[in-house]
Amino acid sequence: MERNDFSWMIGGAQGSGVDTSAIIFAKSAAQGGLRVYGNREYYSNIKGEHSYFRVRLSKDQIRSHVDTVDMLATFDDETAVRHAWEVRKDGAIIYDPSLGSNPIENIQTIEANVESRLYSKLDANGLPHTVDGVLEIARRNGVHIYAIPYLELLKKVGEQVGETSLSALTKMTNVMAVAASFALLDYPQDEVINAIRKQFKSKPKAAEMNVAMIAITYDYVREKYNGSFGYKLRTIPTTEKRILLRGSTTIGMAKILSGCRLQTYYPITPASDESEYLEAHENIDLEVMVDNELKSMKGAVTVVQTEDEIAAVTMAIGGALAGSRASTSTSGPGFSLMAEGMGWAGINEVPLVITLYQRGGPSTGLPTRHEQGDLRFALHTGHGDFPRIVLASGDLEEMFFDVTRSFNYAEKYQLPVVHIVDKAMANSDMTYKMFDPSLAKIERGLLIKGAVPGHEDGPFDRFKETATGVSPRPAIGTKGGIYWNTGDEHDEKGHISEDPLNRDMMMEKRMRKLDLAAEEIPLEEKVHFFGPKDAQITLVSWGSTKGAILDAMEALNAEGLSVNFLQIRLVQPFPTDYVKDVLSHAKKVIDVEMNYSGQLGGVIREMTCVPVERYIVKYNGRPMSSEEIYDAVKKIADGSAPNRIVLRNGA
Amino acid sequence: MERNDFSWMIGGAQGSGVDTSAIIFAKSAAQGGLRVYGNREYYSNIKGEHSYFRVRLSKDQIRSHVDTVDMLATFDDETAVRHAWEVRKDGAIIYDPSLGSNPIENIQTIEANVESRLYSKLDANGLPHTVDGVLEIARRNGVHIYAIPYLELLKKVGEQVGETSLSALTKMTNVMAVAASFALLDYPQDEVINAIRKQFKSKPKAAEMNVAMIAITYDYVREKYNGSFGYKLRTIPTTEKRILLRGSTTIGMAKILSGCRLQTYYPITPASDESEYLEAHENIDLEVMVDNELKSMKGAVTVVQTEDEIAAVTMAIGGALAGSRASTSTSGPGFSLMAEGMGWAGINEVPLVITLYQRGGPSTGLPTRHEQGDLRFALHTGHGDFPRIVLASGDLEEMFFDVTRSFNYAEKYQLPVVHIVDKAMANSDMTYKMFDPSLAKIERGLLIKGAVPGHEDGPFDRFKETATGVSPRPAIGTKGGIYWNTGDEHDEKGHISEDPLNRDMMMEKRMRKLDLAAEEIPLEEKVHFFGPKDAQITLVSWGSTKGAILDAMEALNAEGLSVNFLQIRLVQPFPTDYVKDVLSHAKKVIDVEMNYSGQLGGVIREMTCVPVERYIVKYNGRPMSSEEIYDAVKKIADGSAPNRIVLRNGA
Amino acid sequence: MALKLTDLKSDFHNDWCPGCGDFGILSAVQMALAEMNIDPSRMAVVSGIGCSGKTPHFLNTYGVHTLHGRSLPFATGVKLSNPNLEVIACGGDGDGMGIGAGHFVNSGRRNVDMAYIVYDNGVYGLTKGQASPTLKLGMKTKSLPLPNINQGINPLMLALAAGYTFVARGYAYDVRHLKDLIKKAVQHKGFAFLDVLQPCPTYNDILTKEYWQGEGLLDAAGRPMPRTYKLDITGYDGVVKTDDVGEMEEKIKQAMMKSFEFGDRTPIGVFYQNERIPTYEERLGARMPTYRDNPPGEQEIAGQDGRPLATVQKLLDELRVN
Amino acid sequence: MALKLTDLKSDFHNDWCPGCGDFGILSAVQMALAEMNIDPSRMAVVSGIGCSGKTPHFLNTYGVHTLHGRSLPFATGVKLSNPNLEVIACGGDGDGMGIGAGHFVNSGRRNVDMAYIVYDNGVYGLTKGQASPTLKLGMKTKSLPLPNINQGINPLMLALAAGYTFVARGYAYDVRHLKDLIKKAVQHKGFAFLDVLQPCPTYNDILTKEYWQGEGLLDAAGRPMPRTYKLDITGYDGVVKTDDVGEMEEKIKQAMMKSFEFGDRTPIGVFYQNERIPTYEERLGARMPTYRDNPPGEQEIAGQDGRPLATVQKLLDELRVN
Ligand SMILES: Cc1ncc(C[n+]2csc(CCOP(=O)(O)OP(=O)(O)O)c2C)c(N)n1
Ligand SMILES: Cc1ncc(C[n+]2csc(CCOP(=O)(O)OP(=O)(O)O)c2C)c(N)n1
Ligand code: SF4
Ligand code: SF4
Ligand SMILES: [Mg+2]
Ligand SMILES: [Mg+2]
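Next comes the structure, spelled out in structure tokens:
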């Protein structure tokens, strides 16, 4: 696969600043007008285990990572031995020469099976079980190896700025790896300095030390490796205002915008970042029209850390009953605990938004790794039949605007909405054109607050049968709106009823709302279709595979293998007619999913009876790269592969 | 629909002995060689709300109730006004004449909407809003109305046996309704007396009083209504040993037989009856071969009432790890709370049996009513992909023998098994030929107890990759078997591992076991096929609809409309090839289900892509009658009905 | 306009067993609410599942009959969404201290300004009489095939350990006294826990009305001596009056010791009360100045045509890279 | 053959943060188990989820790393299935008293013969330092953006209220003392609860090792005075010695009062112990004579060819109608 872009990786022990340095790298590039896509991999651990961050840059739109690394920046031994294999011919590895002779067996955090795989490769090449041994293989594969004597250079910085504390100096090691990378790429030093200054806005001393460090690193690299690395990185002037958005920030911000005023949560990776963002931004800015004038005011989002996810979901429901837009965010194990609460929201027609951050399952699974394995569960959470909406976002922009949609659906159709996102999106960063928040429109449906117009005292028919199934809904506290909620089947006032006729009426009323939703929700919110109408291959998928698929699709189409892509966003109510139409006319359908069983494929078969027979799946916890998809599609297209391809890339 | 059998109903306030009297009725008939099918309907209430019991009798095999009542035995006003409408022309109503003038509005337990429906019928007939008014309509419809002056007769009994306490006497009212019924049917008085004596084995005084009551009732009826009721009930001599089995007893007994030694539960209707049965029979009889001789010994089933269903499922898992056959029984809300635990059992390959008694959902729903609405949830409980087996029984005999199968599957394939039954089965009674428990065979798979043969000290590869996916499993406490469990992805020893290659191996190992199960489980355990191979109509269904479908099918075939029936028992792994073969060759497929959305239909479409387009569904909380199915099939067959028929019978 | 008792009664049919202690509690609740004259439409009664769980249906206020064991988080959600409402949670002992024990403990930590009434009958009524967490070890009610195999919990002690700022016990058939306790619990600033001894004549034949009213416990004159006595009459004072931590600890200790008394002399009344501890709403208010006056449930979130009132432009600007 | 410390160590890589108090607890567990010389294959260590939850992987015994908050019911299942095994449950404070609080309370009622060690660090370690249920109101650890909004639970008091028959506290860095406590807990007949003060240097910068060892609390000579002191040294005796209910209540009261002490003088040691209360297994044994000798997990259930050993013919015969 040809690449017109650049892929950089940095790694190190959890807690050693990998994330910060990658963000500085990404921002420096983005500042210069490059498009950025970054994502992070880490263990379920606090300190010490290996984590790494990939940043991909391009002048064009990119939306995913690639497996091949153009430049690997390391400052510890583990990163070098783990990732050297991923660097392409003509690529580069930056490393600390003082670690070269480190024996691999001394690296505690490498699993036994990974270690033995390394040894057999080294043995096959007759090389020692050391960092140098691994780098030697890379060198033989045509990779440039750049030694950066971090400590030496840092001491120089220390001399220059008058800092003698070694620990203060070594804190800069990771950013030095960034500086060395940019220096090798001949990227304007000013952009890096700029990014550093912004990053350390509140710590001017650290900023200045880093600035000095950058200069020294650039000098060293220029002197020692002058121009030896083939790839040059140039800024690209642009007038487009851009943001570098992180997945875990996205939804929190959108919830503020969308009017979410009660968020409950129980800590869980990777969902809780969102709640913590909300907590940190609990006092919010409002622009309210007073006497025809926009006035700035303050409001607040109440965020409650609960004792468990059962409390989180039921507390959010309570909040919704009392008139708040309320939601909770969680991941697999927490979501499993919410099954009963969701059913209660279903039978009581409560607008509830659950943001589900999928991660590797089942059970605790791979808590910090990626998977899209909860679709079927989200469609069928809880016993019995009740209506729900399941919406899946495919990238950060969709995530942002889908939040408003989720709350709107929840209130218009008075039901629980599961907004599905995933670890890959939560832990990725991407440049976007500045969002226009005014595109978000709030629709609260038949909510009544304050007082029921024209209603006398006495109970209110909250669950009144209507043609659409939706009935006016007073918030608790509304004058004239007294009614009851119960998890039991109930009559129009909400009182328990076991009468069979009432039961039928209520079941039908509730389920009917899904027909309404299916009818009202515009097609653009249900599906996205990309690529040529007639194509040799039709890819169908959902969620965060979108980016990698689009990137692969572009490459395939550019090569003449015509591919299109149907992204399913609304999984319940399912856009049956449209999907059936597209897929039954498609030449070759391939379902692409980040789970073992091809869950969406099953849903499509169930809803359309189109026999989806080809699958590209992945379940090793690492997101799909566009290269993997590209390769797999090609193999299926030319018939050289079975109908089910399992992708296995990723470290 | 022609009937060659007899349908009897008794009703009364919860707590007034409806159940006991119905059982006496059923046993009296069964003793005389009649086949019996009985089922009970009741409110989610302890005392006072209306409940009723239907008993159907026949000389032939019957497996379900019919809607039409041949004889309604009442001893309160509510039963008369609620059920008089269900009695067929030429049928009978027994009532207490002293209640005839009772105004309906005085009956507190009748819901407002039921009351207004009654009024409009009475008004249309120009009748008063009283019991008499309702009975008058019945009379006009050709129903025989038999007044039984309960109190008067009871006082006579009192005089005869020397009992003056009125409350002691009125305790017999319900059984007197039974006696009156049998007297009208001219059924041998001795059979009734016999049944009474057995019922009151431990209360000889009550028995004698009841015997006296029976004689007096028989005399009164003979004198007053001599031969006026057309239907006579005769005993049918049989040499077949028969039992009258109750659903809630069935599984408990089968668990004892199947070696279940730890049962955990949290009280819930209708599941907890089973656990209470087990508790009452905790000390069990064993027959152990000692020195080639069968010796009688004692064993025990430990039953633990837990603090909630999360504890129930996780405690059962703990028990299974330590070598017990362990299970938990629950219903919808409890099952919803077990989602997380089930995933843990899945990833740790723990043999766990969950007995799921479905009831009306969603949420608390209709807690004492029937539904089969949990199929989809049982197939997808818990986040992520993990293997499970889902087995659904169709009648009490299947329930009994499926218990052993469930434990065998759980241990052979080392995974959670959801054994699905439902309220209709739990609360039904049916005569069967005496079961042969020696048909049950226990298979424990690769369980190691005591010591790992030939294994030295040191950790054991509990999750060793194997061709089948199943690995030897030491119970905790086994010498040489030390290993770890974790909900995280793990290596062969059970230690946490985030390595992608290990992950793939483990996912594939686990999921592969389903292929093995699909291969090994005989077809007879997966499906049942009834009726002619080629038929105009193929019914497909699962669970307790079986009885009503078979009864309807027999009637339809007798009339010349050829119908066959595919009962799906094993829903996961799904018998795809067989079902696809049958359904794709069927002329007209109708999916029959006790839930709103036709859940099995969806599964069939998903697995086979056969477009199941016709549905007979019901979700009003009352089980399907064979008549309803009969009628609906006929309508679909002659094209006079839409593709989806909703059944709505039942009070 | 003062509320009448009938204003608080819904016309939903009550199907508790004849003689059930729940009737006493319901009356006391109705009387208390009427006397406090709280607008029924500004009030929510939130219950769990059980016989007791049906309570909201019998009251003419917003009623939320939730899930088994979950009344507290539901109620907390309602209250935090709109702290201007009066919220009362209620439910059974199984509901509250069995399946709901986790919420019971953790709600104590929060101190949301609500009241929680537990109908303590020693059994799981609605599922036909299994032992509840308050039933003592070895007790065999008529509904149990075997004596209770678990130790019983002391709800008052548990509440004190969990941090409730009002801990009291009432008796279902002493309706007037109970009514006063309910008023105190509702008016208490903070989370108030009220355990009510509730005879279940259908399943619990040990802790019956007769038992509490002194059956078999006769004074010299042969008259039955009630087994409950009122704390305040004995001069007991459970109220914390200063911010002194020492005083608080003293009062907690005193209440704990009192809570050991059970059986022939069972205290009813307020065991402990402390309004010196800020409520959760006050703590939220300290962080979010607009919380009280413009709470989540009452905030306007959209203007004309659905335009969001919240602006996130500043937050987006923070993410700008060029 | 006596066990060596190394016999109890697994070779699974330990990834706790440098300086984590968990290391102290792990060492103490290993030392205690080695000294008690329990066959590792007749032992199970059952944990919840959290940093602490990884413990079983580091021990060479059967290890069950369960779900967040569920260690107790899992452990109970193992133990009741085979009461001849030694079962130890362990986990974090969030695990045990947050999401697991319901099991915590109800396990106290059961009194199964196990030990439960809580790693009490005031934070949710593995999810990056959110406040745990034991963190006190208003504390702001470095991991928190705002001071803790909830009151902290007193684990010892909660355990006493729940009915634990052994209640103790240890300190992670006093490994020898902790080891002795663990031995006592394991050897206790009944359910033993052991709360361990566990510094989390990564997230909790308040209750640190330095804090417990007396930082800023100097004696006259300017030496730091440790903030923990050993109960037994003071002559405190928490052991119930008779079947007298009065003695039991006295000891519970004494322990509760002791449990108020926290901060500058924090007692460690055994607060309460009562072996007079029958264990759950004893209660089961009283009902089922074969329970102990032939427990669920060890019962044979099938003979040759899978023939069930249990016979239900008598039960079926009861259902005969003709
Ligand atoms: C999750 C769940 N499990 C079990 C039940 C069944 N259930 C209904 S009421 C009840 C117990 C009621 O006991 P308690 O809370 O003491 O209330 P009471 O009936 O005594 O007032 C149970 C277990 C349920 N509704 N939901
Ligand atoms: C149901 C569920 N919710 C949330 C989580 C995420 N989670 C993992 S560890 C943890 C908290 C750990 O805190 P604690 O129990 O105190 O243990 P520590 O890490 O401090 O030892 C949480 C919330 C989970 N694994 N499962
Ligand atoms: S079962 Fe007990 S608690 Fe329930 S209504 Fe009847 S008497 Fe009351
Ligand atoms: S986060 Fe805290 S508790 Fe967890 S390993 Fe690190 S120091 Fe220990
Ligand atoms: Mg109760
Ligand atoms: Mg902790």
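Residue numbers (the numbering used here), protein chains in the order written: chain A, 1 to 651; chain B, 1 to 651; chain C, 1 to 322; chain D, 1 to 322. Note that the Cβ used here is the ideal one computed from N, Cα and C, for glycine as well.
Rounded to whole angstroms, what is the Cα-Cα separation between residue i and residue j?
i	j	result
Gly299/B	Ile448/B	21 Å
Lys232/B	Gly91/B	12 Å
His281/B	Ala392/A	51 Å
Leu446/A	Glu397/A	28 Å
Glu559/B	Phe530/B	17 Å
Met114/D	Val186/D	7 Å
Leu194/D	Glu349/A	45 Å
Under 6 Å from any heavy atom of ligand 1, does the C-beta of residue i make it?
i	result
Cys20/D	no
With hydrogens ignored, establish whether the beta-carbon of residue i is closer than 6 Å to any heavy atom of ligand 2.
i	result
Ser52/D	yes
Would you please verify whether the beta carbon of residue i is less than 7 Å from any beta carbon of chain G?
i	result
Arg227/D	The chain inventory of the structure shown lacks chain G, comprising the protein chains A, B, C and D.
Starting from residue i, follow its DSSP beta bridges and name the residues at the other end.
i	result
Gln358/B	Asp422/B
Cys371/D	For chain D, the structure presents residues 1 to 322; residue 371/D sits outside this window and is missing.
Trp484/B	Gly63/D
Asp120/C	Leu197/C
Asn564/A	Thr538/A
Please indicate yes or no: does the CB of residue i lie closer than 6 Å to some heavy atom of ligand 5?
i	result
Val196/C	no
Gly94/C	yes
Quick one: does the C-beta of residue i sit closer than 6 Å to a heavy atom of ligand 3?
i	result
Cys200/C	yes
Trp16/C	yes
Heavy atom of ligand 6 less than 6 Å from the Cβ of residue i, yes or no?
i	result
Asn121/D	yes
Asp205/D	no
For ligand 8, any of its heavy atoms closer than 6 Å to the Cβ of residue i?
i	result
Ile46/B	Among the ligands present in this structure, namely ligand 1, ligand 2, ligand 3, ligand 4, ligand 5 and ligand 6, ligand 8 is not found.
Less than 6 Å separating the Cβ of residue i from some heavy atom of ligand 4?
i	result
Gly125/D	yes
Enumerate, from N- to C-terminal direction, the unbroken beta strand (DSSP E) stretches of 3 or more residues contained entirely within the stretch 248 to 315 of chain C. 266 to 273
Alpha helix (DSSP H) runs contained entirely in the stretch 247 to 301 of chain A, provided each spans 4 or more residues: 247 to 258, 272 to 280
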